[in-house]
Structure formats: C-alpha cells, structure tokens
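Peer 1: In my numbering, the protein residues as written are 17 to 654. Here a beta-carbon is modelled for each residue, glycine too, at the ideal position from N, C-alpha and C.
1. Alpha carbon to alpha carbon, how far is residue 600 from residue 642? Give it in angstroms, no decimals.
2. Does the region 299–308 come into contact with the region 22–37, if we say contact requires no fewer than three beta-carbon pairs (one atom in each stretch) closer than 8 Å?
3. Would you call the CB atoms of residue 252 and residue 270 closer than 9 Å?
4. Under a three-way DSSP split, which group does residue 602 fall into?
5. Rounded to whole angstroms, what is the Cα-Cα separation between residue 17 and residue 168?
6. On the three-state DSSP scale, how would you describe residue 466?
7. At what residues does the alpha helix (DSSP H) containing residue 101 begin and finish?
8. Of all the beta strand (DSSP E) runs that stay within the bounds of the region 403–474, which reach a length of 3 or more residues?
9. Could you pull out every residue in the same chain whose Cβ sits closer than 8 Å to the Cβ of residue 124, ignoring the five residues on either side in sequence?
10. If distances are taken between C-alpha atoms only, which option among 145, 120, 414 comes closest to residue 718?
11. I need the DSSP call for residue 613, collapsed to helix, strand or coil.
12. Count the other CB atoms within 10 Å of the CB of residue 314; is the residue buried (16 or more) or exposed (fewer)?
13. Since residue 555 is in the beta strand (DSSP E), which residue starts that stretch and which ends it?
14. Could I get the ranges of all uninterrupted beta strand (DSSP E) runs contained in the region 483–516, with 3 residues as the minimum, in chain order?
15. Among 554, 117, 503, which one has its Cα closest to the Cα of residue 516?
16. Taking 9 Å as the threshold (C-beta atoms), are residue 603 and residue 647 in contact?
17. Indicate whether the contact test is met: 3 or more Cβ pairs, each with one atom in the region 620–629 and one in the region 576–592, closer than 8 Å.
18. What did DSSP end up calling residue 207 once you bin it into helix, strand or coil?
19. Within a Cβ cutoff of 7 Å, which residues of the same chain sit near residue 191, ignoring the five residues on either side of it in sequence?
20. Along the chain, where does the alpha helix (DSSP H) that runs through residue 281 open and close?
21. For the beta strand (DSSP E) containing residue 546, name the first residue and the last one.
22. How should residue 10 be labelled, buried or exposed, when 16 other C-beta atoms within 10 angstroms of its C-beta is the threshold for buried?
23. Only counting the same chain, and skipping five residues up and downstream in sequence, which positions put a Cβ closer than 6 Å to that of residue 533?
24. From residue 243 to residue 107, what distance separates their C-alpha atoms?
25. If residue 228 and residue 66 are in contact, beta carbons under 8 Å, what's the gap, nearest whole angstrom?
26. Expressed to the nearest angstrom, what Euclidean distance is found between the alpha-carbon atoms of residue 119 and residue 240?
27. Let me make sure I understand the geometry here. Which of 149, 60, 195 has the alpha-carbon closest to that of residue 166?
28. When you compare each of 442, 607, 456, 266 to residue 431 by their alpha carbons, which one comes out closest?
29. Report buried or exposed for residue 256, applying the criterion of at least 16 other Cβ atoms within 10 angstroms of its Cβ.
30. Nearest-angstrom Cα distance between residue 409 and residue 546?
31. So, under 8 Å CB-CB, residue 128 and residue 153 are touching, yes? Tell me the CB distance rounded to an integer number of Å.
32. Rounded to a whole number of angstroms, what is the C-alpha to C-alpha distance between residue 249 and residue 262?
33. Are there three or more Cβ pairs, one per stretch, closer than 8 Å when the region 326–337 is compared with the region 45–64?
34. Can you tell me the Cβ-Cβ gap for residue 613 and residue 571, rounded? I've got them flagged as a contact below 8 Å.
35. What residues are listed by DSSP as bridge partners for residue 572?
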C-alpha cells in the first residue's frame, strides 16, 4: 500500500479554517469566509477516497471496521473534549443553554445538522450566535457521508471487474450531479435543507471523490515542483478573491469555492504558500481550531464585557485550546491502540455509557428554563395530560402538525366552584406569549382557557388564505362556544425592521375580517378582546441584553410611539363599531408613557422573550388590565 501525506493539503486546510474563523469573528472582515467549510468538504472527499483506495483487498466487514475505527479515533476524542468543556462553561454563563446542549449531544451522534434543520435555526440568523455547537453541522454532513461512501467505494472496486474505477466514477458523478441539482433547486425553496442536509451537500464531497479517482497516485505527487508562483498559487489567489465577495448569489459563491479547491488539488505544481512549516502545522491542528473557535465566540456574545472575552485573550485561548487538544488528545489517541486487551475495552465501553447517560440528562433541560429571576424566562405550560405546550399546542402545519387530540389537550376547563366562562386564545406566535397570563387567570379566577398558537397563521384568517389547521381549530371552537365566553386574539402588527412600520395586510385584509368576526360573535353573546402591539426592539437576541447593560437594548419611545398609536387607533375605531370588541393595550404597560425609552425589563428583570414576544413576567404585567376589561373577579379562596 502506497500512502503519502500531501502537505499542501494541510496548508489548504489552514487557509480554509482561518477563512471560517475570520468570517465568524467579524463577517465584515471576510464577508464570504464561511466558504471555508465548502473547501473542507472537497478536501474530505478527496482524502477519504485516497485512504480507502489504498486499503488492502479485505472483506467488506474488515474494510468497514477498519475505516470506522480510524474515523472514530480521528474525530471523536477532540469533539467529546470540546463538547464536555463547553457544556460545563455554559452552565455558568448561559441563562438559556438548552438548545446548545441538545445540539452538542446530537453532534456526538453525527446529527447536529439534522437537529439544526428540524429546529429551523438559520445559519445566517442572529439566533445561532448563542448556540455553542452550530458549527458542528458540517461534521454531521461528513459523518453521514461516511455511512455511504466506504461501502459504495468497496462495492465499486471489488464487484465491477477490471473497469471498476470507471464504473465507480460514473456512479459517483451521477450522484453528485443529482445532489448539485437539488442544492440549486432548494436554495430558494427550502434554504435550510439546501444548507444543512447531506443530499444537498453530497456533490461537494463528491467532487473530492472524483478527484481522487482520476488524479495520479500519491507517488507521482513527489515529483511536483514547489513554487512561490505557479498554477496552484494563481488558483489560490482567485479563491481568496471569491471569499471577499458578498453581493453574488450564495449558490455561485459555493460553486466558485468548490471549483477553486478542486483546481488547487489538481494543479500540476505545489505552492510554497501552502507547502511550508507554519501552514502545514496550522493545517494539522485545523480540526481542533475549528472545534474551539465557535464556542469561544459564543462565550464572547454571552459575556462581551468580561476581560476573558476580549479579542486578544480569545485569540490566545483559541490557539492554546487547539494546541493542547491536538497534542494531548487528538494526535496521540489517533495513533495508538485503544483496546490492547479486553479489560481496557470494557473500561472504555463503561466510560462511554456513563458519558451517554450524562449527556441524555442534558436533553431534559427545558428550553428557556428559569435559572434565576433575572434570566430569560420562557415558561413551558404543562398540560393536564403531562405533555408540554410546545409542540403539543403549537401548530405550524409543518414539523408540528395538528393532531386529532390537539384541541382537547390544549383546553383547560373552568375550575369547580367558579364561573363557567372560557377564554379562547387564538392567533399566531403572539398569542403563545400570553401563556403565563392565561394560567394566572385560570388559577386566580377559575376561568377556563384554550390556547393553541399557530405561528405564521393569523386569526381570524383573511379570506384569501388557503384552508389550514387554524380553520379546523376555529370550527372546533365554535362547537364549544358558550354565551359569555371570551375570545382573546393576538397577532404580529409591525414589521421587524430597524424602523418598525404597520404591516401591509392590516388595513386592507385583516381589519375587515376582524370586524365581521366580531359581529358574528356578538350574535353568539361572545366577547372579543384583541391585544395591541407590544414594543418592537432591535436587539438580535435577548441574551445580549442579559449579558450587557440593559440600556444597550433600549429604544427611544418616540421611535415606536407613532406606529403603535396608529395601530391602536385603528383597533379603537373598530371597537367603537362593535360593543363586544375591546382592546388590551400592551405597549403602555411594557413601555410606560412617563419613560423616555422602552426597556425590556421591569425592576431589573427581563420582560421580553425576544425582540417582540413577551416572557412570563411581561405577560403577567397585563393581568390587572385584562381582568378589568373582561370583568373577571378573583375567586373567594384567593
């Protein structure tokens, strides 16, 4: 077996990892530096295929066992160390660590990318800046590729006869072409699938596989000259240029990065810019650099004013963590036998089981768990069935579908000995942020309530909207309505822009439908309460306010007041036309008129879940006003 390590590819790894790190640390410094991940995909496909092509002619079982053993020893120790240390730090600095914990746990199983896709966490959104393991999505893609490629390569080479490599090339080229087509097609239609999933990223790894199948053997690489300026350097310069672009469609940027990487690997010479000691060493530790850079940046976002998260300290800490990880964990464990005897094998298995059990316990930490009163606080309403509010009572006609028992599971009947009225809470995600208010009203007055939030689906639905789960829930509600019941409506009113404006659908589409709905409910002797708009803040994530001075998240009241006043005036005009329609004014409670700025806190405690959704404290501030509008009174026992 001839096996030679290509040092220029280590240099290319160093280039790729620094492009990613620079982009993540400051996107303005290298606007398309995230393409370094695409460079890694091509390199991985090439190196893995070269490794497999050089293996002895073993049975499939021995072929796969050897491959997976090498990959596990190569990737898992450093990843496990990074996840363990990061989780320990998150316990101390992150008030809402559950999504990070779950992403890290699934990253250990090679499913980080699938979890991020299911959670609809856009890689380019502000949300991911606080998920310490977002970057493991690329590891998930590679590890899922490893489930397919080895068996495919073994079958192609062993079962196809003398022309086996040509058959394997044809199969891989076909799969890559299909994957590329899906990638280009999904980019606008299903962008998260296009970004995160294997079937839309396979073509990038496939390019590396095709290079390995067509380029000369490693032995021939020894004769390639080392030059400061040549083909490889020229392509590298073009690749650097592509990383500075920002206005081009992302699909074509990725195509440029993949093409440039393929050109560098196939170039007839070797560039001294890639083939030198510093570049080769940085390439050798590139995996550890990649693992550690993102958690450190998340720690900076969580504690931006701490001396330990200053840029100088973080740079030093990154290189220290990566160097120690490589020399003490990654490199030695990769090149030594793990199980010299049965006892050590049993010990390793027991340790792995303990780690797995400990990791599974992290899954039970609810999203938004209140660790102390000043932290994020997003309550999870426990239903009578013992199920959580989300996803049981959150319906989006996607990964959270309407189920036969949804309506019943999400309805709390009035308490015994109290008035028999029921509050029917309807709307998009902005009705869901009133969970704590509804629970408090239920406990204090005995009133029943029903709450199913339908993100992205307005209530009452405009006539042009296609039939959805919202319509089915509405029909079920109408069958249970009683005279005296209350329908509580909330929705998004403002655009999520730097200068919020009234959404375009309010006046021409939604208000007429709301007017007709109020009239229909009047005929049933049912009251309608509509929540007005809350403040709209500009912060990307509420944890920014948690970790810095609260005033950094303030919005001058004069910037919001005009559009809020306009919205409330439109609702008030409608209320004048319908005796059973009343308005719950949210803005003044969350942003008092006597204050010059709106702040997402009250008495030092946060009142918002994100930039325009209330948390439990914010919702409870509205309890007194709601009871007055609805005519509810506290039960004698309270």
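Peer 2: Inspection of the coordinates gives the following:
1. In a straight line, the C-alpha of residue 642 is about 7 Å away from that of residue 600.
2. With a cut-off of 8 Å, the region 22–37 and the region 299–308 count as touching, because enough Cβ pairs lie within range.
3. Taking 9 Å as the Cβ cut-off, residue 252 and residue 270 do not qualify as a contacting pair.
4. In this structure, DSSP gives residue 602 a state outside helix and strand, which the three-state scheme calls coil.
5. With a pLDDT of only 42 at residue 17, under 50, the local geometry of the prediction cannot be trusted, and no value is derived from it.
6. Residue 466: strand per DSSP, three-state reduction.
7. 76–109 is the extent of the alpha helix (DSSP H) around residue 101.
8. Listed in chain order, they are 438–443, 464–469.
9. Excluding residues within five positions, the ones whose Cβ falls inside 8 Å are 92, 95, 96, 99, 375.
10. Within the shown structure, residues of the chain are numbered from 17 to 654, placing residue 718 beyond reach of any answer.
11. Note: residue 613 maps to strand in three-state DSSP.
12. That one is buried.
13. Unbroken run through residue 555: none, as it is neither H nor E.
14. Qualifying beta strand (DSSP E) stretches, in chain order: 502–506.
15. The option with the nearest alpha carbon to residue 516 is 554.
16. For the pair residue 647 and residue 603, the CB atoms are not nearer than the 9 Å cut-off.
17. As far as the Cβ criterion goes, the region 620–629 does not touch the region 576–592, which means the pair count is below three.
18. It is helical.
19. 218, 222.
20. Taken as a continuous stretch (DSSP letters only), the alpha helix (DSSP H) holding residue 281 covers 266–282.
21. It spans 543–547 - the beta strand (DSSP E) in which residue 546 sits, taken as one unbroken run.
22. There is no way to answer for residue 10, as the model of the chain reaches only from 17 to 654.
23. Cβ neighbours of residue 533 within its own chain (closer than 6 Å, five residues either side excluded): 476.
24. A straight line joining the alpha-carbon of residue 243 with that of residue 107 spans about 50 Å.
25. Contact flag correct, Cβ pair sits at about 5 Å.
26. Each residue's alpha carbon lies about 43 Å from the other.
27. Comparing Cα-Cα distances from residue 166 to each of 149, 60, 195, the minimum goes to 60.
28. When each option's Cα is compared against that of residue 431, the closest is 456.
29. Residue 256 comes out exposed.
30. Residue 409 and residue 546: Cα-Cα distance of roughly 20 Å.
31. Between residue 128 and residue 153 the beta-carbon gap is near 5 Å, inside 8 Å, which marks them as a contact.
32. Roughly 23 Å between the two C-alpha positions.
33. At 8 Å Cβ cutoff, the stretches do not touch.
34. Between residue 571 and residue 613 the Cβ distance is about 6 Å, and since that is below 8 Å, they are a contact.
35. Answer by DSSP bridge pairing, in chain order: 613.
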